[in-house]
Each structure stands twice: as structure tokens, then as C-alpha cells.
Amino acid sequence: MIRVYNTLTKTKEDFEPLQAGKVGIYLCGPTVYAQSHIGHMVGPVIFDSIKRYLQYSGYDVTWVVNITDVDDKLIVKSREQGISMEQLATEMTADYLTNLKSLGVDQIDVMPRATEHMKHIIAFIESLVDQGFAYDVDGDVFFEVEKDANYGHLSNRSLDSTQGAGGEAAARKRSANDFALWKSAKPTEPSWDSPWGAGRPGWHIECSAMSREILGEEFDIHGGGLDLVFPHHENELAQSACCHGKPMVKYWMHNGLMRAGGNDGKVGGRAEQDGDDDEQATVETKISRSRGAGGLADLIGRQGGQRIRFFLLKSHYRSTIVFSETGIEETGKALTAFERLFERFQRISGNSFFELPIADNKSTGDFDAGECDFLLQVQAHRAQYLAKMDDDFNTGGAISDLFDLVRSINRFIDQTSLESADNADTTNNASLKQALLTMRELTALLGIFMSEQTEDDTMGEDQGLTEQLMQLMLALREEARANKDFATADRIRDGLLEVGITIEDRADGAQWHK
RNA sequence: GGCGCCGUGGCCAAGUGGCUAAGGCAGUGGAUUGCAAAUCCUCCAUCCCGGGUUCGAAUCCCGGCGGCGCCUCCA
């Protein structure tokens, strides 16, 4: 049984979808007025893994991530850049999609854009007006919060504790808490025709309209960053629940936010200081665009998408992650242990890990360990891993079992001497393969090691030359070693190390890697 | 001010009432190696502080101290 933490009830609940066997997930995506930063990737990466795990657990999952391509900030930014709102949205959407791809997020089924659903948005607002939950004033339409008895339950706040937006619309609202469903357009602003005149949707209504269109009036999981609980999700919930007279979502799931570390982070800006502090203190603050976060593409270029993905999955999705590039680098070191094992497996079996079939559900991944101690260990690691994933998608805990599995496999190879050339024990080889199949199954749930990383394909032409030169160096060194001329052999090895190349002498010959 | 979250070894990070407190990075000693690298084995924390509840708490309650988020746009 999968358990899920629900923001609405503030408890972990057994996961039972509304319709047996089917799950609908809606994740709030970005407003595409600027390039995405690493914080935007937290939700997509974790939900990408959540979808994989739910499918693996036997559910038919539909995952929706929206793109907000109409918004006040888009208007302002596009004007600054002298381009149309549409063009800015198109460019920034492309940036977002590229980043998602780099991080291996490829499970999204539908990515609706607000501007493509204007009809549905307007119809939704009309329905709210007709039912008396909303009112229009001079071309603006507002949701009347007092009409919703449940308002504030999700974010746990009472009406008088909220401040409501000030701004120019304040005078027209019946109450400060009311929020805009439709905003009238000034002559130069992009607009759509509506029963209330030319205008554009408010921030929250698109999600209500699009989720209904794609997933229905009530669906299983709604996700987003913790910062969206109020006002965004509270307002979405109010709109949808009032409009349909039933709950909008069964499980509200919110991921923790990323913070910028003080020193090597530099992704975010500096937090506002309270004045009386000395200023060298290590400041950690939420990463956000308004504080100048950016440079995700560069970061991916330096670290690679897989490391970043693994870094995000290493901690629990509800906890805060402090961004640090050194942290990402350490994570990368840990990943090489897997990569070495995959190479080891290839040397022994001749099979590529990346070409092993992926068990796509729990039962096909199961196997009979028989009396084999090693396979019993593998089975135990697998069971523990899955138990942690069942418990609110505890990827951080589950990853520890992956490392345990690596160690078990290496130990098995050492103890059975599977690596020595004259060992053709088919039973042990079969056990080894089974263990790697399990590794493949479990890592695929996290969306890592899906395919071989081609990190340096930009330098394709040099690659062949480098390989030739290295073979020459290794041959020279081998000669020296055969002659017990270790001084020369070591000189070659040390010299190569200085340019970042490590040599490994193994029974079957020397090998090099960067 | 209101509503929340967090504080586990040098660093990162699981665990939230009961086996010897996961795992990673760094470090230690050993096996292996011509020496290394890789791999394996070994060692490395009583959980911010003070009370309380309990047969028993890192895990629940109260009080401190420290950090952070939301209440305004935000993944």
C-alpha cells in the first residue's frame, strides 16, 4: 500500500485513487516570463519519479503540467524586450522544456497552455458568476471569498488573518480577500474577448479550468511547490469546489523549496538583511527569480543533468534542499560507483547494463532466489527499497538500498572471482545478471541510468585521437612494467594523472578514465 | 503580529516510540597491488539545550536557543 502525505489533512494517508487503477496528476508548472532556475526542476523531477513509481505499482497515470503563458509579468517583460508576449512565452517555454529534458523528465502526458484554453477559462468564470460565487465590476471579475465556507482550509488560515491584495483593483472589490478571475485590459495590453469585455484571466483560474478539462472535476493528485499553497492553491480549490459542489482534489502534495547556500551557491541573490546583523553571516534564502536566480543551462552544462537529478532525489521531496554546486559534485562522485559496476558487469558478461530490459511493474521484477545467499540479499535490498518508495515516495531512503546493492554485487564478484578470465561458472553469471536486472529495475524508477551518458560527444573528433594516443601510452607503460622499469611506468601514470587521467591496472590489462 | 517547517557524526542525509541510529562524501586501519587505482573488509554519532510522559524516545508533550518558509509575484 502506497502512503501519501496530504497537505489538506496534514497527515499521511493510504493512497486510493478515485477510480480504481487510474491516477490523474496535475502539477503547477512555470509562468514563462524568464528562464527557469534549478528550483523549478524540483517538482518536475520528483513527480516524474512519482509517476514512474505509480505506473510500476500498476496504475494507469495521466500527468499534466501546465504552462502559464499569459500574466502581468509576461506583459511587462515582453515590453522591456520589445517583443510580443507570445514570442517571449514561446522562447521561455522552449528553455523550460530543454531543461526538463536534460534532467530526464519525460513522463509528462499533457502540457496545456493558458492561452489555448481561453474558451474553457471564460466558461468556468461564467459558471461561477451564474452560481453567485463571483461578481463583475467594470470589466473585472472577482471571486467572492466569503461565499466559500471552506476557504482557508488548505493553507490553514482564517479570513481576517489574510491581508489580500492591495493594488489598483482593491477599490472595486467587495472584500480585500476577493481575488481576480478576469482582469480588464488596457488598450495596449494583449486581450481576449469575454462577456465582461476585453481582458485576460487572473492567475488561478487557468489551473481550475484546464485541470477540469483534462482530468475532470475531481482528480487524484495536485502538486506544486510549498509556496503555492497560499494563495494559488487555496484559490484554485475555492473556485473548483464552489463551481462543482464537490472536492477538487483528493491528495494535495507539495514539494519543499530550494534555498541558495551562502557561499558557493550564488544562484539566488542575498536575503534582505534586518539591519542590525553583521553582514558576513552565511545567508540562505529561497531561490527565486525575483532574487536573480538563473543559469540553469550553465549548471547543467557543468554538472550534467543526471547528477542534478540524483542530487534532487537524494533528499525527501518535502524537505528543503540547500543548493550547493559542491554538493552536486559529491553526488556525482557517488554515481561513479554505479558506473564502474556497470563496466565491470560488461567486462564479465559482455552485456551492456543499458541494454538490459526494464521490469515495468512489481511482479515482472520479482524473481526466485532459490537457495542462493547472494540473490536472497538482492531480494532483501529490493524489498527494502520498494518499502521506502511506498512510504510517501521516500527516494532519499530508497537510494541507500541502491548503494547496498552495489556493495553486495561487488562483493559477490570478488568472492566468486567472476572477473578472472578462466571462470565460466554459468550459475554465478546468471546470478550476477539477475542482480543487474534488479538494479536496472530500481534505478529506472528514479529515472537514472536510463541510457549511457555520452558526456563528451561535443568533442567527437578528438575522441578517436585521444583513444589512439592513450593506447600508445598504455602500451609503452606495459613494456616498462614488463621490464620492471617501474620508474618509467610511474612517470607515465603520474604524468597522466596531472592532466586528469587515471590509470587502473587490472588482471586483463590497463584501463584509463578521466 | 498570524500560520507553518526544521535543528541527526567534519559535510550531505534516511529514520518520527523498542533490533547494534540507513546510505553518500571526506577520513582511519587492513586485504589486494611492484607501487597505485578500482574493489572488498574494519573503524568513525546516542540524535541543539532543559524539563516531562513512558517499562522504553532522536522519535510524543512543555519551555528555551538557533535556522527557514508563507501571509505580496514565486516551483
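Using my numbering, read the first sequence as starting at 20 and increasing by one per residue. Just so it is clear, CB atoms sit at the ideal spot from N, CA and C, and this is done for glycine as well.
message = Quick check: P63 and L119, are their CB atoms within less than 7 Å of each other?
response = yes
inquiry  = With distance defined between alpha-carbon atoms, name the residue in M469, F357, I522, A526 nearest to D441.
reply    = A526
inquiry  = Tell me the residue span of the alpha helix (DSSP H) that contains I140.
reply    = 137 to 149
task = Return the CA-CA distance between F14 and D433, expressed in angstroms with no decimal places.
result = What the structure shows of the chain is the stretch from 20 to 533, and residue 14 is not part of that stretch, so it cannot be assessed.
task = Take the Cβ of L424 as the centre, count every other Cβ of all protein chains shown within 10 Å, and call the residue buried at 16 or more, exposed below.
result = buried
key: From G324, D317, K333, G151, residue whose alpha carbon lies closest to that of G264   = G151
key: CB contact flag (M130, V84, <7 Å)   = yes
ask   = Is it true that the region 331 to 348 meets the region 412 to 427, where meeting means three or more beta-carbon pairs spaced less than 8 Å apart?
value = yes
inquiry  = In whole angstroms, give me the CA-to-CA distance for R278 and K305.
reply    = 4 Å
request  = Quick one: using the 10 Å Cβ neighbour count with 16 as the cut-off for buried, is L247 buried or exposed?
outcome  = buried
task = List the DSSP bridge partners of K202.
result = R219
query = Between V42 and the rest of its own chain, which residues show a CB-CB distance below 8 Å, the 5 nearest in sequence each way excluded?
reply = P36, L73, Y78, D79, V80, T81, D239, I240
ask   = Nearest-angstrom Cα distance between R366 and E348?
value = 27 Å
query = Counting pairs of beta carbons, one from the region 90 to 105 and one from the region 138 to 158, are three or more of them closer than 8 Å?
reply = no
Q545 burial status per 10 Å Cβ neighbour count (16 or more: buried) = Residue coverage of the chain in this structure runs from 20 to 533, which leaves residue 545 outside it and unanswerable.
G46 in three-state terms, based on DSSP = This sequence places Leu at residue 46; Gly is not what is there. Strand, per DSSP.
query = Is it true that the region 452 to 464 meets the region 371 to 385, where meeting means three or more beta-carbon pairs spaced less than 8 Å apart?
reply = yes
key: Selection from D387, F386, G171 that minimises the alpha carbon distance to T28   = G171
query = Can you find at least 3 beta carbon pairs, one from the region 255 to 271 and one from the region 210 to 227, that sit closer than 8 Å?
reply = yes
task = Evaluate N502 with the Cβ neighbour count: other Cβ atoms within 10 Å of its Cβ, from every protein chain shown; 16 or more gives buried, anything less gives exposed.
result = exposed
task = Go through the region 66 to 136 residue by residue and report every complete run of the alpha helix (DSSP H) that reaches 4 residues or more, in order.
result = 91 to 100, 104 to 121
ask   = Is the distance from the Cβ of G280 to the Cβ of S213 below 7 Å?
value = no
message = If contacts are defined as beta-carbon pairs under 8 Å, then I127 and F329 qualify, I think. What distance do you get, rounded to the angstrom?
response = That belief does not hold up - the Cβ atoms of I127 and F329 are roughly 20 Å apart, past 8 Å.
query = Buried or exposed: which applies to E165, given that a residue is buried once 16 or more other Cβ atoms fall within 10 Å of its Cβ?
reply = exposed
Span separating the alpha-carbon of E236 from that of H273 = 20 Å
ask   = Quick one: Cα of L405 to Cα of G216, how far?
value = 54 Å
task = For the alpha helix (DSSP H) holding Y404, just list the boundary residues, first then last.
result = 392 to 409
inquiry  = For F10, tell me which candidate among S76, C47, Y45 has the shortest Cα-Cα distance.
reply    = Outside the shown range of the chain (20 to 533) lies residue 10, about which nothing can therefore be said.
request  = Could you name the residues of the same chain whose beta carbon sits closer than 6 Å to that of E253, not counting the 5 residues immediately before and after it, in chain order?
outcome  = L173, S174
Inter-residue Cα distance where the pair is H59 and L465 = 18 Å
query = Is it right to say A417 is buried, meaning 16 or more other beta carbons lie within 10 angstroms of its own, or is it exposed?
reply = buried
message = Measuring straight from C-alpha to C-alpha, what distance separates D385 and I94?
response = 54 Å
ask   = How would you label D420, buried or exposed, when you count the other beta carbons within 10 angstroms and need 16 or more for buried?
value = buried
ask   = With distances taken between CB atoms, is the gap from I57 to L276 smaller than 7 Å?
value = no
query = What residue range is occupied by the uninterrupted beta strand (DSSP E) comprising H273?
reply = 268 to 274
request  = Could you tell me which residues DSSP puts in a beta bridge with D524?
outcome  = A529
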